[in-house]
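Participant: One structure follows; several queries about it will come next.
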Amino acid sequence: MNTRYSDNRALPVRILSILGKVLILGTASIFTAFPFIWMMVSALKTKADILNTEIFFPTVPQWSNITSIIFDSPIPRYIFNSAWVSAVIVALQIVSGAMLAYALVFLKFRTNKMLFAIVMATYMLPVAATYIPSYIILADWKMLDSFRGLIISSTVSIFGIFLLRQGFMQIPKGLVEAARMDGASHWRALWEVVCPMTKASFITFGLMNFISTYNNYMWPSLITKSSEYFLVSQGLRAFFIRDGAYGTEWALVMAASAVVVIPLLVLFAFTQKWFINGIGGETGIKG
Amino acid sequence: MAEIILKNVTKEYENGFQAVKNINLEIKDNEFVILVGPSGCGKSTTLRMIAGLEDISDGDLYLDGKRINDVSPQDRDIAMVFQNYALYPHMTVYQNIAYSLKIKKVPKDEIDKRVKDVAASLGLENLLDRRPGQLSGGQKQRVAMGRAIIRHPKAFLMDEPLSNLDAKLRGQMRVEIADLYRRLNTTFIYVTHDQTEAMTLGTKIVVMKDGEIMQIDNPTNLFNYPNNKFVAGFIGTPTMNFFEGEIEEKGDGLILKTRDGFIPLTAEKAAKVREGGWVGKKVTAGIRPEHVELSDQDSAAFRGEVSVFELLGSNAIIYTQCQDDRIIMNTDQTQYQEHGKEIFLKVKEAKLHLFDPETERTITN
Ligand SMILES: Nc1ncnc2c1ncn2[C@@H]1O[C@H](COP(=O)(O)OP(=O)(O)OP(=O)(O)O)[C@@H](O)[C@H]1O
Ligand SMILES: [Mg+2]
């Protein structure tokens, strides 16, 4: 992404344009980041500090908020639930999405275009409209209130299929054909030729869906009742209202939220480079 | 080691377009077959059907006597070299060449030995760790060949493998391919629209046009005995001169009356013409530029003005504008003719070709 066109406008215009960009992006970043920063500092405040609007930073950082969440609350258990359920779901979504995207892009069959249209049409459907039928199916299969139900109901991601399809379309068909001539099955061609060339799409897909599954609230809270199956969002809510203490332990709620976010931050830090590539639509193939 | 037979093979694309129409082709073991023809005539489509990359709409395809219409490409044991090479960009040259063996689960040390052998034979030893992005066009071409030959496949398919190279490299690679063919003793099917490539490489040339086969023959026969006007015009550079004429009796023999004169027919040609009942009728005649000569006014078949004199080294091409036709003559460099000069041309009678003006089929060669 190093294509920079030589800019031959007059210097003052250039400075103004740079200033403008900095101003707009800066403001947008502040608005986006501020709630997050606020949560982080609040996690270290005392109960009194939190409600005091005069101070932004904690007077004395309360590390005990964090340790009590980690060692003395059900939050780590929810994080663990969320993490492994999300990991399994994303793995299944990647396999199913990659297979369908491969078929859509590289296989010739009569209903190819129609299949893609149908897949995309389901994307247009409001998620809430599928809650009731999905609930009934899970109930029939006796999978309500279980990890199995949570996982099975999310094995396919339309967004992921779309993202991978866009990535796959950048690959010359000849490469898949060459792999087939070399004796590779479709399965091998997908994982050994197509996948390495669209790594960015796969990582973006994985990360985005991991985050949204990890944080998902509505659907899991509809199908799970027992706290042992809670994912983080439900867990946080349960934590927030426990013992009827509605909104009294703000500092602990903030600390819990902060702890919950940390795994995602770590994940993001490692995959950032690919993530941005994938969204920008660059496949990371050179030459 | 493979014998490939196409029986009444047709390809109709999803949009209803018939790219290949009912073709029959027998390719014997060890043959070097060239599919040649103008752009869009269905060469690639035919090749891709043999490879298994396109479904066959109708007809049968046999490999060593077995019908393989429904065998997927991975199981056909046929290798293909693509026009744009299609090297895997994320693999090194070594991995590119080794990929098919890895799929076949050949032991690592054997893979290593075979890759090194192939690399040595193609002069790629020093490039094995590079990625395709770091190679020149010629080097990519060699890697693509290496990837194909390492497998000892039943047949090699090549779709215009040299068309992305510059003229000099193309000449060089052509020799290497011919050499490879001699060493490997395998069936080659090679697509090109360059007739020089076709004539120099092939033992059997298939000339196609609009999805149909026009003629299948060896290079010499194709050049000397074309089946029809299309093949006559397609093979040979500069292209054959075509002109109209009428067959007439003269003495015991026949002549072809042209606008500016006449060409006597040899006894052999005259017999064919009589047999076909062409006496007194109009025909299309063809003569190759190398069989046109300067002449005096009395024995001339054409009269015209020199429009271009093109010196090509040891030989020269003279374009002569006649009343209706433009006659091209291929002669040697000493025959310089000034632009605009009026000249007379005759033809070598034995080399005259006559075609049916309607069907364009050959009457006599
Ligand atoms: N997928 C397709 N759908 C419809 N028509 C196609 C398709 N692929 C090729 N064709 C048509 O089929 C005809 C033959 O194509 P083909 O690629 O075999 O030509 P070719 O002889 O290889 O030409 P070239 O020398 O330009 O490569 C062309 O007219 C082309 O437009
Ligand atoms: Mg082609």
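One line per chain: the protein sequences are X and Y, in this order.
Taken in order, the first sequence gives residues 1 to 287; the numbers are from this note's numbering.
Taken in order, the second sequence gives residues 1 to 365; the numbers are from this note's numbering.
Beta carbons: idealized from backbone N, C-alpha and C, even for Gly.
Evaluate residue 167 of chain X with the Cβ neighbour count: other Cβ atoms within 10 Å of its Cβ, from every protein chain shown; 16 or more gives buried, anything less gives exposed.
Facilitator: Buried, by the Cβ-count rule.
Participant: Between which two residues does the beta strand (DSSP E) holding residue 326 of chain Y run?
Facilitator: Taken as a continuous stretch (DSSP letters only), the beta strand (DSSP E) holding residue 326 of chain Y covers 326 to 332.
Participant: If you reduce the DSSP assignment to three classes, tell me which class residue 14 of chain X lands in.
Facilitator: Residue 14 of chain X falls in the helix class under three-state DSSP.
Participant: Is residue 214 of chain X buried or exposed, if buried means 16 or more other CB atoms sit within 10 Å of its CB?
Facilitator: Its Cβ being crowded by 16 or more others within 10 Å, residue 214 of chain X is buried.
Participant: Nearest-angstrom Cα distance between residue 131 of chain Y and residue 338 of chain Y?
Facilitator: If I take the Cα positions, the gap works out to 56 Å.
Participant: With respect to 8 Å, is the separation between the Cβ of residue 160 of chain Y and the closest non-hydrogen atom of ligand 2 below this value?
Facilitator: Correct: residue 160 of chain Y has its Cβ closer than 8 Å to ligand 2.
Participant: Just curious, the beta strand (DSSP E) that residue 81 of chain Y is in, first and last residue?
Facilitator: Residues 78 to 81.
Participant: Where residue 107 of chain X and residue 160 of chain X are concerned, what is the direct C-alpha to C-alpha distance, given to the nearest angstrom?
Facilitator: Rounded to the nearest angstrom, the two C-alpha atoms are 19 Å apart.
Participant: Which of the three DSSP states is assigned to residue 195 of chain X in this structure?
Facilitator: Here residue 195 of chain X sits in helix by DSSP.
Participant: Give a yes or no on whether the C-beta atoms belonging to residue 232 of chain X and residue 151 of chain X are separated by under 9 Å.
Facilitator: Taking 9 Å as the Cβ cut-off, residue 232 of chain X and residue 151 of chain X do not qualify as a contacting pair.
Participant: Can you give me the Cβ contacts of residue 8 of chain X inside the same chain, cut-off strictly under 6 Å, excluding the 5 residues immediately before and after it?
Facilitator: Same-chain partners within the cutoff: there are none.
Participant: Between which two residues does the beta strand (DSSP E) holding residue 268 of chain Y run?
Facilitator: Unbroken run through residue 268 of chain Y is the alpha helix (DSSP H), 267 to 275; no beta strand (DSSP E).
Participant: Please return the same chain residues whose Cβ sits closer than 7 Å to the Cβ of residue 56 of chain X, not counting the five positions on each side in sequence.
Facilitator: Correct list, in chain order: 41.
Participant: Could you check whether the Cβ of residue 335 of chain Y sits closer than 8 Å to any heavy atom belonging to ligand 2?
Facilitator: No.
Participant: Could you check whether the Cβ of residue 188 of chain X sits closer than 9 Å to any Cβ belonging to chain Y?
Facilitator: So, interface residue.
Participant: Going by the beta-carbon positions, is the gap between residue 344 of chain Y and residue 294 of chain Y smaller than 9 Å?
Facilitator: In contact: residue 344 of chain Y and residue 294 of chain Y (Cβ atoms closer than 9 Å).
Participant: Would residue 302 of chain Y and residue 260 of chain Y be called neighbours here (beta carbons separated by less than 9 Å)?
Facilitator: Yes, the Cβ-Cβ distance between residue 302 of chain Y and residue 260 of chain Y is below 9 Å.
Participant: Name, please, each residue of chain Y whose Cβ falls closer than 8 Å to the Cβ of residue 180 of chain X.
Facilitator: Ordered by position in chain Y, the residues that pass the 8 Å Cβ test against residue 180 of chain X are 52, 53, 72, 73, 74.
Participant: Please classify residue 129 of chain X: is it buried, with 16 or more other beta-carbons within 10 angstroms of its beta-carbon, or exposed?
Facilitator: It is exposed - the Cβ of residue 129 of chain X has fewer than 16 other Cβ atoms within 10 Å.
Participant: Please list, in chain order, the chain Y residues whose beta carbon lies closer than 8 Å to that of residue 40 of chain X.
Facilitator: Those within 8 Å of residue 40 of chain X in chain Y number zero; the least Cβ separation is about 39 Å.
Participant: Measuring CA to CA, which of Y:89, Y:238, Y:224 is closest to residue 330 of chain Y?
Facilitator: Looking at the Cα atoms, Y:238 is the closest of the given residues.
Participant: In the DSSP assignment, the beta strand (DSSP E) including residue 9 of chain Y goes from what residue to what residue?
Facilitator: Where residue 9 of chain Y is concerned, the enclosing beta strand (DSSP E) stretches over 4 to 12.
Participant: Helix, strand or coil for residue 112 of chain Y? Go by DSSP, reduced to three states.
Facilitator: Helix at residue 112 of chain Y.
Participant: On a CA-only basis, which of X:142, X:43, X:89 is nearest residue 249 of chain X? Give me that one, please.
Facilitator: If we check each option's Cα against that of residue 249 of chain X, X:43 comes out closest.
Participant: Going along chain X, which residues have a C-beta under 7 Å from residue 90 of chain Y?
Facilitator: Within 7 Å Cβ-Cβ: 196, 197.
Participant: Confirm, please, whether the CB-CB distance from residue 36 of chain Y to residue 247 of chain Y is below 9 Å.
Facilitator: Cβ atoms of residue 247 of chain Y and residue 36 of chain Y: not closer than 9 Å.
Participant: Does at least one heavy atom of ligand 2 sit under 8 Å from the Cβ of residue 28 of chain Y?
Facilitator: For ligand 2, not one heavy atom lies less than 8 Å from the Cβ of residue 28 of chain Y.
Participant: Quick one: which chain Y residues come within Cβ less than 7 Å of residue 183 of chain X?
Facilitator: Chain Y residues near residue 183 of chain X: 74, 100, 103, 104.
Participant: If we ignore side chains and look at the alpha-carbon of each, how far apart do residue 224 of chain X and residue 83 of chain X end up?
Facilitator: The alpha-carbon atoms of residue 224 of chain X and residue 83 of chain X are separated by roughly 16 Å.
Participant: Taking residue 105 of chain X as the query, report the chain A residues whose CB atoms sit under 8 Å from its CB, ordered along the chain.
Facilitator: The displayed structure is made up of protein chains X and Y, and chain A is not among them.
Participant: Can you tell me which residues form a DSSP beta bridge with residue 155 of chain Y?
Facilitator: According to DSSP, residue 155 of chain Y bridges with Y:78, Y:187.
Participant: Between residue 142 of chain X and chain Y, is any beta-carbon pair separated by less than 9 Å?
Facilitator: Closer than 9 Å: no.
Participant: Since residue 66 of chain Y sits in a beta bridge, which residues does DSSP pair it with?
Facilitator: In DSSP, residue 66 of chain Y forms a bridge with Y:63.
Participant: Considering only DSSP beta bridges, list what residue 319 of chain Y is partnered with.
Facilitator: In DSSP, residue 319 of chain Y forms a bridge with Y:308, Y:328.
Participant: Have a look at residue 217 of chain X and residue 39 of chain X and give me their C-alpha separation to the nearest angstrom.
Facilitator: Straight-line Cα distance between these residues: approximately 19 Å.
Participant: Please state the DSSP three-state secondary structure of residue 249 of chain Y.
Facilitator: Strand.
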